[in-house]
Amino acid sequence: MDIATFQAYGFFFFTAFMVVVLYSYIYHLYSSQKKGTRDYEKYGNIALNDDITDQPIEMVSKDDETKK
Amino acid sequence: MENRPLEYDYTVAKLFMYNAIFVGVAGMLAGVILAWQMAFPQFNYILGVNFAEYTNFGRLRAIHTDSVIYGFVLSAVWSSWYYIGQRVLKVSMAESKLLMFVGKAHFWIYMAASVIIVIGLQLGITSSKEYSEFEWPIDAGIVIVWVLWGISIFGLIGIRREKSLYISIWYFIATFLAVAMLHIFNNAEIPTYFASGGIGAWYHSVSMYAGTNDALVQWWFGHNAVAFVLTTPIIAMIYYFLPKESGQAVYSYKLSLLAFWGLMFVYLWAGGHHLLFSTVPDWMQTMGSVFSVVLILPSWGSAVNMLLTMRGEWQQVATSPLIKFMVMASTFYMFSTLEGPIQAIKSVNALAHFTDWIIGHVHDGALGWVGFMVIAAIFHMAPRIFKREIYSRSLMSTQFWIQTLGVILYFTSMWIAGITQGMMWRAHDEYGNLAYSFIDTVVVLHPYFTIRAVGGTLYLVGMFMFAYNMYKTMTSSRVIEESELQNATPMGA
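Here the protein sequences come in this chain order: A and C. Residue 868 is where the first sequence starts when you use our numbering, and the numbers rise one by one after that. Residue 33 is where the second sequence starts when you use our numbering, and the numbers rise one by one after that.
Here's what the structure looks like:
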């Protein structure tokens, strides 16, 4: 197998793998919304409630800051 | 002073906005001169024979493309970043002296590089790479500008109050990372003076790649410059400005996420369609075609998401010229992301490649999608930055219709010209002799070139109206209260 053929097959299988990853992500998004694990749609409000005095949709907590 | 409530600081957004408006007019003026030159070659001498060196098609072409892409669009993208970034992360630039300094340095170094680029291109100094014409010292300067933007992005993210990054931020990050990678790899070059021990000009360089490899890297760059300068940051803008202006949250946030990752995944591999029927490996050409067609899905994912954001609120399209610009922009986005994949199919490309249809495609995307979205973004931001209402709604509305007519004349004339051209080039008699010479096609195409020049001129007229409206907005429009700025942008008659 020459290098060009190897590259072509390599690319094909890499693509197939990435397709699986992408579809798994889509499944993850919709299933977690359905199960109520996480409400993704609330993040759309970040653009609407964007005054500096508005309450953040999810605050960066003190815990997160100490973890950093 | 200490008791003043915290506010967003738009100093840097404002600087980039001024430049976007100025370069938008100047870059499109260059484009219109080029269009008239294509129809009537005597326009090459627009400033007389003595200045023909500076006004001919070859010199002006790179000035047009580079100033519109990297001047008009990038300035508007950065203006939007310094506006949207603060708002969706809920943090003010005024809170960090370092980020403010970086933002200003970002603008002024970018301006210095822009001036040198324009002078250099006027003098005919180029590395001959399309959309990447700059010699090595400028390429190094671009790295500095880009790094400063990166510090600004990740610095602002680092001090944010909003935990989750809004979808627009993801698109800005993608723009930053991808262009950094594209710029470095496509501009891997050897300064000839230093490599040869003092031969030639000190600023000259040659690409590290040769032949087919150079073409492959160039079009991997070229197509992804479209992706990550003319698409992802513009999506970042529409995902913020359309919901904000209409008061409607994005139709589906999940769809925005999966369209984002789909786009990231697919776009990088589509550049091969620029090299169909060339010397690159066949599988790469096929890959370029296949990925281009697949690209319809994530592109339409974003565009449909935008249009559905207007669900139940379509009356706003009729009443607000600003919403009209954005809805037309997303419609043109759908349109050009369908047209592009069609052109990337091998059999269609055999006809379309090298013809004016490609130029038509570029411009329905650039004028209809990118241009309209940039204009809408500036119209939305200006009253919030200058605390004055938009000077004239009717001027904005007239601008919209004039420019829409301009885009339609542009792409329809180029469709007809391109397909006619392709058909004439390939026509042959029963013995395989070509039926037409090149000049035969030029004669047939002349009326369409003239229509294109008229279309471009209309769009430019709209740009002058835009600049005037913005000038009046900044200087003499009615001063407004903060409470008027919640969603729909306040406009005078």
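Cβ atoms here follow ideal geometry from the backbone N, Cα and C, with glycine treated the same way. On a predicted model such as this, the values are computed, not experimentally measured, just so you know.
Counted within 10 angstroms of its Cβ, other Cβ atoms place residue i as buried (16 or more) or exposed
i, result
"Leu38 (chain C)", "exposed"
"Phe208 (chain C)", "buried"
"Glu925 (chain A)", "exposed"
"Ala220 (chain C)", "exposed"
"Lys129 (chain C)", "exposed"
"Lys874 (chain A)", "In the sequence as displayed, the identity of residue 874 (chain A) is Gln instead of Lys. Looking at its Cβ environment, which holds fewer than 16 other Cβ atoms inside 10 Å, Gln874 (chain A) is exposed."
"Leu295 (chain C)", "buried"
"Gly232 (chain C)", "exposed"
"Met240 (chain C)", "exposed"
"Ala459 (chain C)", "exposed"
"Asn245 (chain C)", "exposed"
Partners in chain C for residue i, counting only beta-carbon separations shorter than 7 Å
i, result
"Ile924 (chain A)", "Glu194 and Ser196"
Residue-level contact to chain A via CB, residue i, 8 Å cutoff
i, result
"Ala281 (chain C)", "yes"
"Ser426 (chain C)", "no"
"Leu61 (chain C)", "no"
"Met506 (chain C)", "no"
"Phe297 (chain C)", "yes"
"Leu437 (chain C)", "no"
"Met319 (chain C)", "yes"
"Lys286 (chain C)", "yes"
"Tyr40 (chain C)", "yes"
"Ser164 (chain C)", "no"
"Tyr272 (chain C)", "yes"
"Phe368 (chain C)", "The residue you asked about is not Phe; residue 368 (chain C) is Ser in the sequence shown. With 8 Å as the cut-off, Ser368 (chain C) does not count as an interface residue toward chain A."
"Ser124 (chain C)", "yes"
Rounded separation between residue i and residue j - CA only
i, j, result
"Ala871 (chain A)", "Ser324 (chain C)", "22 Å"
"His96 (chain C)", "Leu61 (chain C)", "8 Å"
"Gln922 (chain A)", "Lys122 (chain C)", "9 Å"
"Trp447 (chain C)", "Gly392 (chain C)", "6 Å"
"Gly400 (chain C)", "Thr436 (chain C)", "7 Å"
"Val134 (chain C)", "Asp41 (chain C)", "14 Å"
"Asn76 (chain C)", "Lys356 (chain C)", "37 Å"
"Asn256 (chain C)", "Gly303 (chain C)", "7 Å"
"Gln250 (chain C)", "Leu307 (chain C)", "10 Å"
"Lys934 (chain A)", "Arg193 (chain C)", "Residue placement at Lys934 (chain A) cannot be trusted, given a pLDDT of 49 that sits under 50; what the coordinates show is reported in the next sentence. Approximately 15 Å between the Cα atoms of the pair."
"Tyr503 (chain C)", "Met413 (chain C)", "14 Å"
"Asn465 (chain C)", "Gly450 (chain C)", "21 Å"
"Asp917 (chain A)", "His478 (chain C)", "52 Å"
"Glu167 (chain C)", "His236 (chain C)", "6 Å"
"Gly494 (chain C)", "Ala485 (chain C)", "14 Å"
"Tyr271 (chain C)", "Ile483 (chain C)", "34 Å"
Partner residues on chain A for residue i, Cβ-Cβ distance less than 7 Å
i, result
"Val120 (chain C)", "Ile913, Ala914 and Asp917"
"Gly294 (chain C)", "Leu889"
"Trp315 (chain C)", "Ala875"
"Tyr114 (chain C)", "Simply none; closest approach about 14 Å."
"Leu383 (chain C)", "Under the 7 Å cutoff, chain A gives no residues; its nearest Cβ is about 27 Å from Leu383 (chain C)."
Short CB-CB distance (under 8 Å) between residue i and chain C
i, result
"Ile893 (chain A)", "yes"
"Phe878 (chain A)", "yes"
"Ala883 (chain A)", "no"
"Val927 (chain A)", "yes"
Contact set between residue i and chain A, taken where Cβ atoms lie within less than 8 Å
i, result
"Pro265 (chain C)", "Correct list: empty, because the minimum Cβ distance to chain A is about 16 Å."
"Lys276 (chain C)", "Ala914, Leu915 and Asp917"
"Lys128 (chain C)", "Here residue 128 (chain C) is Ser; the residue named in the question, Lys, does not match the sequence. In chain order: nothing, as chain A lies at least about 14 Å away."
Contact list for residue i against chain A, beta-carbon separation under 9 Å
i, result
"Ser324 (chain C)", "Chain A residues near Ser324 (chain C): none, gap ~14 Å exceeds 9 Å."
Runs of alpha helix (DSSP H) wholly within the region 224-310 of chain C (minimum 4 residues, chain order): 224-227, 243-261, 264-278 and 285-299
Alpha helix (DSSP H) runs wholly inside the region 402-446 of chain C, at least 4 long, in chain order: 404-418
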